[in-house]
């Protein structure tokens with residue numbers, strides 16, 4: 002199998018695993034995708050969100066604005082309010098159980114990773 006075909010097969014398998022997670026969790030759990038840098042994790046997640054959800058928000062902690070960082074620092078105990086603020090900031094309507102929020106490069110902001118682990 003050529004390298005290009007292998008990449009396509011691998012991408013399809015990963016996409017199928019994301020789809021399996023979505024169908025099993027029914028919007029009630031988080032998924033952490035970990036792996037080597039620069040291999041396409043963010044691209045795959047964005048592509049999945051665009052195809053499989055009504056709406057999505059992608060937060061890249063590598064260049065997140067201070068307003069978003071502050072949400073994680075001070076404002077994440079009330080989840081409804083937290084999601085409403087994210088929705089307003091990104092001008093994206095979040096639909097219950099048919100929207101997804103992608104947290105990219107979360108290792109760059111440990112406070113967010115901690116808050117997320119406490120909430121889900």
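Residue numbers (my numbering): 2 to 121. Even glycine gets a Cβ: it sits at the ideal position worked out from N, Cα and C. Since the model is a prediction, treat every value here as computed from it, not as a measurement.
{"Query": "Under 9 Å between C-beta atoms of residue 53 and residue 23", "Result": "yes"}
{"Query": "Touch test, the region 66-77 against the region 20-39, Cβ-Cβ under 8 Å, three pairs minimum", "Result": "no"}
{"Query": "DSSP-derived helix/strand/coil call for residue 104", "Result": "strand"}
{"Query": "Backbone CA spacing between residue 93 and residue 47 [nearest angstrom]", "Result": "15 Å"}
{"Query": "Test item: CB-CB of residue 1 and residue 95 under 9 Å", "Result": "Because residue 1 is not part of the residues shown, which for the chain are 2 to 121, the question remains open."}
{"Query": "For residue 57, the three-state DSSP class (helix, strand or coil)", "Result": "strand"}
{"Query": "9 Å Cβ cutoff met for residue 73 and residue 109", "Result": "no"}
{"Query": "Residue 62 in three-state terms, based on DSSP", "Result": "coil"}
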